[in-house]
Every structure is written in structure tokens, then in C-alpha cells.
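Written below as C-alpha cells is the structure these notes are about.
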Amino acid sequence: MAALKSILLFRCPKCHKANLFLDPNPYHLKNISKMHKRCPVCGFDVENETGFHFMSMYMSYIISTVFSIFFLIPLTIILGLDWIPKLLLLNALILVVLWPLIFRWARMVSLWLTVRFKFE
Ligand SMILES: [Zn+2]
Numbered sequence: 000m001a002a003l004k005s006i007l008l009f010r011c012p013k014c015h016k017a018n019l020f021l022d023p024n025p026y027h028l029k030n031i032s033k034m035h036k037r038c039p040v041c042g043f044d045v046e047n048e049t050g051f052h053f054m055s056m057y058m059s060y061i062i063s064t065v066f067s068i069f070f071l072i073p074l075t076i077i078l079g080l081d082w083i084p085k086l087l088l089l090n091a092l093i094l095v096v097l098w099p100l101i102f103r104w105a106r107m108v109s110l111w112l113t114v115r116f117k118f119e
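The sequence shown maps to residues 0 to 119 in numbering that gives the first Met the number 0.
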């Protein structure tokens with residue numbers, strides 16, 4: 000549960016205390032990807048090799064797909080097949096609005112995986 004909370008709040012996957020992004024608001028798009036090099040509390044190396052965050056691109060795809068599945072399937076079952084075009088449009092709009100959060104969550108999941116499976 001601590002891991003999920005750390006991911007959702009952009010906290011360090013090791014100490015769960017420090018926010019790893021320089022700007023805590025993900026909707027300040029100019030600073031969306033700017034992170035500390037190391038955790039200010041425990042010194043965890045956030046970018047342990049060049050291009051490390053490239054993996055986050057795939058992670059954001061996975062997060063978006065999982066969200067879409069959990070959003071579309073239940074609503075299609077409840078509302079019926081006629082609603083699919085409207086639900087797809089609504090899903091796309093929600094993903095666009097959530098994009099900055101998904102971008103950062105993908106990075107946090109990638110970092111959490113390195114700590115959990117000791118890739119560092
Ligand atoms: Zn830390």
C-alpha cells in the first residue's frame with residue numbers, strides 16, 4: 000500500500016518521503032519532466048543510467064490501456080453497445096486530461112520497479 004501511495008503522490012520509491020519532481024504540480028507542463036537527480040532525503044539515484052526514463056514511455060502506454068479497459072468494459076456492459084463511439088470519445092478526452100499525471104505515474108512505476116526488483 001505504501002508503494003501505491005508513493006507512486007500516486009510522486010514520492011521516492013525507497014524512503015516514501017520526498018517528492019522526486021522539482022515542480023509538484025504535473026499540470027505545469029513546462030516542468031513536467033524535471034526531476035531531482037537524487038532523492039533529497041535518502042539519496043536514491045533517480046536516473047541511474049542514461050535514457051532510463053525511456054522505459055516510462057512503455058509504462059504510460061500500459062497505464063493508459065489498463066485505465067481504458069477498466070473504464071470502457073464496465074460502461075459498455077451497463078450502457079450497451081450503442082454507446083461505444085461516445086465512450087471511446089469520452090475515454091480519449093479523459094486520457095488527454097490525465098496525460099500529465101499518467102506521464103509522471105509511468106516514471107514512478109518504472110522507478111518503483113527498479114527498487115522492487117533491485118535493477119539499480
Ligand atoms: Zn528517498
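Ideal Cβ placement from N, Cα and C applies to all residues, glycine included.
If you're wondering where the values come from, they're calculated on a predicted model, not measured in any experiment.
Practice item. Would you check whether ligand 1 has a heavy atom nearer than 7 Å to the C-beta of ALA17? Key: The residue given as residue 17 occupies position 18 in the sequence shown. Under cutoff, so the answer is yes.
Practice item. Just mark ARG115 as buried or exposed, buried being the case when its beta carbon has 16 or more other beta carbons within 10 Å. Key: In the sequence shown, the residue the question calls residue 115 occupies position 116. Exposed is the call here.
Practice item. Could you please give the first and the last residue of the uninterrupted alpha helix (DSSP H) stretch that includes MET0? Key: The count along the sequence shown starts at 1 and reaches residue 0 at position 1. First-last for MET0: undefined, no H or E at that position.
**Study point:** Rounded straight-line distance, which links the Cα of PRO39 to that of MET107
**Key:** Counting from 1 along the sequence shown, the entry for residue 107 is found at position 108. Counting from 1 along the sequence shown, the entry for residue 39 is found at position 40. So the two alpha carbons sit approximately 16 Å from each other.
Review point. Going by the C-beta, is VAL40 closer than 7 Å to any heavy atom of ligand 1?
Key: Counted from its first residue, the sequence shown places residue 40 at position 41. Under cutoff, so the answer is yes.
Review point. Cα-Cα, which of LEU86, PHE53 and GLY50 is closest to SER67?
Key: As a working note, residue 67 is residue 68 in the sequence shown. Checking every option, the nearest Cα to that of SER67 belongs to LEU86.
Practice item. Look at the Cβ atom of LYS33, then the Cβ atom of VAL45, and state whether they are nearer than 8 Å. Key: Counted from its first residue, the sequence shown places residue 33 at position 34. Counted from its first residue, the sequence shown places residue 45 at position 46. Result no, Cβ atoms of LYS33 and VAL45 do not sit closer than 8 Å.
Check your understanding: Going straight from the alpha carbon of PHE53 to that of ILE76, what length do you get?
Key -> For the purposes of this step, residue 53 is taken as residue 54 along the sequence shown, with counting starting at 1. For the purposes of this step, residue 76 is taken as residue 77 along the sequence shown, with counting starting at 1. Their Cα atoms are separated by approximately 36 Å.
Review point. Between MET54 and chain B, is there a C-beta pair that is closer than 8 Å?
Key: Absent here is chain B; the protein component of the structure consists of one chain.
Review point. Cβ-heavy atom distance between PHE102 and ligand 1 below 7 Å?
Key: For the purposes of this step, residue 102 is taken as the residue at position 103 of the sequence shown. PHE102 Cβ: outside cutoff for every heavy atom of ligand 1.
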